[in-house]
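A.B. asks:
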Amino acid sequence: FEKGQWRGKQQLPDQTLGWLNWTSNGGHPEKDKHATLKWTAIESGKIHIMGSFVAPSKKGNGLIARIMRPDGEILGEWTLNPTDDVSTNLKGIKVEAGDELWFVVDSRGEVAFDSFRWAPQISDLKGLISDAENDFSGPGLPPQAQLAQALLLSNEFFYID
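To get the working numbering, take the position in the sequence shown, counting from 1, and add 210.
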């Protein structure tokens, strides 16, 4: 995780991963590597996915976006040509706690000008569950740092006897 994006090394293109990256509102696939964002359900139920997939460049050969499960089941697929903007809304998707959904973008074989914008939102009957643009983050704190933060926020550290 570097400069607000998941990518290979500090400098793009990376020797192994090329231009492959994902940010809070989009990214870039590589010729033989998909750009993938993973979401994990915290509880069982039916969800709705809302989003807009945009290929902003006038150049390039377009992109393919998919929402799928790890077992390969494709829930939705959209093919974009340059400058296209398509709705990637899906309703009534059944998930169990711990299920993953993958948001996958393919380059269609040519990676030039394949940057995209896509920040899906996921909701259920209660309201918004996840917003890729606002919830996107790097790796979490290590366990010891999490413990230190929890202790510093506890009453024992807040009040002096």
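We treat Cβ as the ideally placed atom computed from N, Cα and C, and that holds for glycine.
Please name the residue, chosen from Phe313, Ile277, Ser317 and Ser254, that lies closest to Gly286 on a Cα-to-Cα basis.
C.D. replies: If we check each option's Cα against that of Gly286, Ile277 comes out closest.
A.B. asks: Where does Ala275 sit, in a helix, a strand or coil, going by DSSP?
C.D. replies: In this structure, Ala275 counts as strand in the three-state DSSP scheme.
A.B. asks: Within this structure, are the beta carbons of Trp288 and Phe326 separated by less than 8 Å?
C.D. replies: Contact: no.
A.B. asks: Measuring alpha carbon to alpha carbon, tell me which residue in Leu273, Ile257, Lys269 and Trp249 is nearest Ser317.
C.D. replies: Nearest option by C-alpha distance: Leu273.
A.B. asks: Using only alpha-carbon positions, find the residue among Ala355, Trp232, Lys269 and Asn299 that is nearest to Gly261.
C.D. replies: The shortest Cα separation from Gly261 among Ala355, Trp232, Lys269 and Asn299 belongs to Asn299.
A.B. asks: So, does the CB of His238 fall closer than 8 Å to a CB anywhere in chain D?
C.D. replies: In summary, chain D is missing from the structure at hand, where a single protein chain is found.
A.B. asks: Once DSSP output is grouped into helix, strand and coil, what is the label at Leu247?
C.D. replies: In this structure, Leu247 counts as strand in the three-state DSSP scheme.
A.B. asks: Using DSSP with H/G/I as helix, E/B as strand and the rest coil, what is Gln221?
C.D. replies: Three-state DSSP puts Gln221 in coil, outside helix and strand.
A.B. asks: Taking buried to mean at least 16 other C-beta atoms within 10 Å of its own C-beta, is Leu290 buried or exposed?
C.D. replies: Classification of Leu290: buried, given that the 10 Å Cβ count is 16 or more.
A.B. asks: Restricting to runs no shorter than 4 residues, where is the alpha helix (DSSP H) found entirely within the stretch 292-368?
C.D. replies: 342-345, 353-362 and 365-368, all fully within the stretch 292-368.
A.B. asks: Residue range of the beta strand (DSSP E) that Glu253 falls in?
C.D. replies: Here Glu253 belongs to no beta strand (DSSP E), and DSSP marks it neither H nor E.
A.B. asks: Among Ile284, Pro239 and Ile303, which one has its Cα closest to the Cα of Gly255?
C.D. replies: When each option's Cα is compared against that of Gly255, the closest is Ile303.
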